[in-house]
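The UniProt record's numbering puts the first residue of the sequence shown at 1, with every later residue one more than the last.
Virtual Cβ for every residue (Gly too), placed ideally from N, Cα, C.
Heads up: the structure comes next, in structure tokens.
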Amino acid sequence: MPAHRTDLDGLRGLAIMLVACFHIWFGRVSGGVDVFLALSGYFFLGSLLRHAIGAHAPRVSLGATLNPWPRLSRLLRRLLPALFTMLLAVTVLTVLIFPQTRWVNVGREVIASALYYQNWYLAWNSQDYLAASSANSPLQHVWSMAVQGQFFLVTLVTALALAGLLKVGARVLAPRARPTVIRTIIGATVLAVAAASFAWAQHRMAINQPFNYFDTFARVWEPLAGGLLAIWLPTMRVHRMVRNVVTVAALALIVSCGWWIDGVDEYPGPMALVPVGATLAIIWAGAVAQETSRPGEGPRPMPEVNRLLAGRWPVWVGSIAYSLYLWHWPLLIFYLSWRGADEAGVLEGVGLLAVSIALAWLTKRYVEDPLRGGAGPRHASRRVAWLSYRAVVSAVLVLLTMVAGVGIKAWEHHVSATVVDTRDLDPAVYPGARAFLHGVPVPAVAPQPSPLKVLHDYPETSTDGFMSDFTDGEIHVGTYGAPNGSKTIALVGGSHSEMWITALNIIGKRNDFTVKTYLKMGCPLSTDPEPKQRGVPYPQCYEWGQRVVKRVLEDRPDAVFTTSTRPHDTAFGDWVPPDYLPIFDTFLDAGIPIFGMRDTPWPHNSHGGIDTPTCLADGGSATDCATRRVSALLDVDPARAVAATRPLFHPLDVSDGVCQRPGSVPDPLCPAIIGNIIVYKDWHHLSATYVRSLTDEVERQMGLALDWAGR
1 MPAHRTDLDG LRGLAIMLVA CFHIWFGRVS GGVDVFLALS GYFFLGSLLR HAIGAHAPRV
61 SLGATLNPWP RLSRLLRRLL PALFTMLLAV TVLTVLIFPQ TRWVNVGREV IASALYYQNW
121 YLAWNSQDYL AASSANSPLQ HVWSMAVQGQ FFLVTLVTAL ALAGLLKVGA RVLAPRARPT
181 VIRTIIGATV LAVAAASFAW AQHRMAINQP FNYFDTFARV WEPLAGGLLA IWLPTMRVHR
241 MVRNVVTVAA LALIVSCGWW IDGVDEYPGP MALVPVGATL AIIWAGAVAQ ETSRPGEGPR
301 PMPEVNRLLA GRWPVWVGSI AYSLYLWHWP LLIFYLSWRG ADEAGVLEGV GLLAVSIALA
361 WLTKRYVEDP LRGGAGPRHA SRRVAWLSYR AVVSAVLVLL TMVAGVGIKA WEHHVSATVV
421 DTRDLDPAVY PGARAFLHGV PVPAVAPQPS PLKVLHDYPE TSTDGFMSDF TDGEIHVGTY
481 GAPNGSKTIA LVGGSHSEMW ITALNIIGKR NDFTVKTYLK MGCPLSTDPE PKQRGVPYPQ
541 CYEWGQRVVK RVLEDRPDAV FTTSTRPHDT AFGDWVPPDY LPIFDTFLDA GIPIFGMRDT
601 PWPHNSHGGI DTPTCLADGG SATDCATRRV SALLDVDPAR AVAATRPLFH PLDVSDGVCQ
661 RPGSVPDPLC PAIIGNIIVY KDWHHLSATY VRSLTDEVER QMGLALDWAG R
């Protein structure tokens, strides 16, 4: 392969403009990142191969590449300065623009980005790479840099290991170690790994696509495809017209694929072959001219379309592509957050793109280029000044990075040490649900807990360790209420059942019954054999639920307490999912009464879900961060229809304690703050403090159903 291709610099420029424009205006994945991945593999593997084999050597110089440090240091100098500059800016802007409730997560992503595991961080948190909004992470885009960094490192280590093997077996291999033999061995190895990665990407699409999108193992076939072209570039003689047609068709695919391929759902599966394959076609069309010239001839002219890519402006944009990629996304997210909007207008987008380009050029000119190394200017005085500047910039970056890292960890420690103790709040000052249920006056004071503290306002089972997480298949039974009560209630299901332990613990002590907990994150009991959590298959939930039902029947409680409804999947209001009913009937047929608690609204508006603490911390009011009741709840608890045919099923409904009553106002709301207490601790779970204010109402309804369970 040739040492340098200016048309590929222009292709890189086109790719970054597609990425930025699609992010800013269209909220779609363009395929530009896949172009970057294919190009990075082509250049990096090609460079390693040239170094190992040599451009014209008849035999390989075995073991000549045993020292990886020169190449690794060049790679670090090329990647880290611009990245760390952007991360420092993100850290400062986070403090200036974002509410405190977001600082910990952004801080963790800063560290993940600096250490090149941001893609895994996003994968484990299943953060979809969709349209930009003010709620998105400003570092979401660094996932692709992390994938490339991991690819570079693993490839370099693998090349080092291969060089070591060649050195050890030099005497045996030397007679056969011609470049063609080594090229074949390396190519076959790369092909095998790429094929395995491609198969893995396709397999995981149906299992967990949000994770698959960020998975390095699923993505690595893309740079390896570029690497294969560097290893085995076809060298047939092809007419220039054919090469022009190939390039035009490939460019058309790259530019258009963002419109007709849903990249978030389809990449890095087979549809990613479109931008990757098109990139390889452009590489081939420009390279074949140089590779197939006859002896004594100069290189054949590059196809006209490739020469257009090698023009001044495409190449210039390509030269700042790395920094432009780093800057455009955080600028967009911070701007949207500052404006309180979820999308940028046409003129706003133009301004953001212009600022991003300016910052990218400044970063390249004054950070990237000086810190990449080199001898600098030839003139002695200028060279001294240049070296001094480079030393100062390096020192400042290192110092600020250390300060930012310490600050991030200190803030994370401060937040993690937060303790919420609101059990002794004065009910006259903080009536909570009583303000809606009984019309208790509400004095003008700041709500409790604060938006930052409410994040840690957990139910007892979470802090005591009796809540199985998503990967824990064990049943952890906790004991609450009266330790040796005359009756027992089994609290079963997922986190929306768990919310009520705070009230049940108090009610049990008042009425001499014990509460046994059987809880697992995201796992309401149902007979759905393929349940999902945030759209991702969650088979362990079904298995765990079957064992819990059996365990509860064996323990023979006097009643079961669980949620009876959920938000409707495709319409306004709530419903009783049909797969809940067989579970209810299993307990009822065994003669065990059920308290079916109607689920509380999941905060949302026309733009999507609402993270209540962040909405409030960002200056929102109780009504700014509220949900319209009609969009969340039916007029009548749908579980009443279940009770009509099942006498032992007792529906509980505290909706009037979290939402304004129908008819009280023209359009009743479910506010974010009621009675000076913040209602939700996150996207859809009640804060323990607010549940505590609902205790008397829950007890009243339970006592109406079963006289031993409440007053």
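According to DSSP, is residue i part of a helix, a strand, or is it coil?
| i | result |
| --- | --- |
| Lys681 | coil |
| Ala590 | coil |
| Trp575 | strand |
| Leu703 | Here residue 703 turns out to be Gly, not Leu, going by the sequence shown. Helix. |
| Arg646 | coil |
| Gly32 | helix |
| Pro303 | coil |
| Gly77 | Rather than Gly, the amino acid found at residue 77 in this sequence is Arg. Helix, per DSSP. |
| Val515 | strand |
| His607 | coil |
| Gly596 | strand |
| Leu115 | coil |
| Leu139 | coil |
| Leu525 | coil |
| Arg566 | strand |
| Leu455 | helix |
Kindly identify the DSSP beta-bridge partner or partners of residue i.
| i | result |
| --- | --- |
| Lys520 | Ser468 |
| Ala559 | Ile489 |
| Cys670 | Thr627 |
| Lys532 | Pro537 |
| Pro662 | Val665 |
| Gln100 | Paired residues: none, contrary to the question. |
| Leu652 | Met597 |
| Gln448 | Ile677 |
What span of residues does the beta strand (DSSP E) with residue i cover, start to end?
| i | result |
| --- | --- |
| Tyr480 | 478-481 |
In angstroms with no decimal places, state the Cα-to-Cα distance between residue i and residue j.
| i | j | result |
| --- | --- | --- |
| Ala626 | Glu697 | 22 Å |
| Val440 | Tyr430 | 10 Å |
| Leu79 | Ile207 | 33 Å |
| Met17 | Ala281 | 20 Å |
| His438 | Gly657 | 9 Å |
| Val630 | Pro443 | 28 Å |
| Val317 | Trp327 | 14 Å |
| Leu251 | Pro303 | 13 Å |
| Asp7 | Arg312 | 10 Å |
| Asp589 | Tyr542 | 21 Å |
| Ser468 | Trp259 | 42 Å |
| Val346 | Trp25 | 7 Å |
| Glu530 | Leu581 | 16 Å |
| Ser450 | Ala278 | 53 Å |
| Leu11 | Phe36 | 9 Å |
| Pro537 | Arg50 | 45 Å |
| Gly473 | Thr463 | 18 Å |
Is the beta carbon of residue i less than 8 Å from the beta carbon of residue j?
| i | j | result |
| --- | --- | --- |
| Thr85 | Thr363 | yes |
| Gly481 | Thr514 | yes |
| Val110 | Leu139 | yes |
| Asp34 | Tyr267 | yes |
| Asp635 | Arg598 | no |
| Tyr458 | Ala688 | yes |
| Thr614 | Thr101 | yes |
| Ser497 | Thr401 | no |
| Phe595 | Ala559 | yes |
| Gly508 | Ser526 | no |
What first and last residue would you give for the alpha helix (DSSP H) that runs through residue i?
| i | result |
| --- | --- |
| Gln118 | 118-124 |
| Asn505 | 501-511 |
| Trp327 | 321-339 |
| Ala250 | 240-260 |
| Met17 | 6-21 |
| Trp221 | 221-231 |
| Arg692 | 688-693 |
| Ile357 | 346-363 |
| Arg434 | 434-437 |
| Ala617 | 612-617 |
| Gly710 | That residue, Gly710, is in no alpha helix (DSSP H); it is neither H nor E in DSSP. |
| Gly263 | 263-266 |
| Ser497 | 495-498 |
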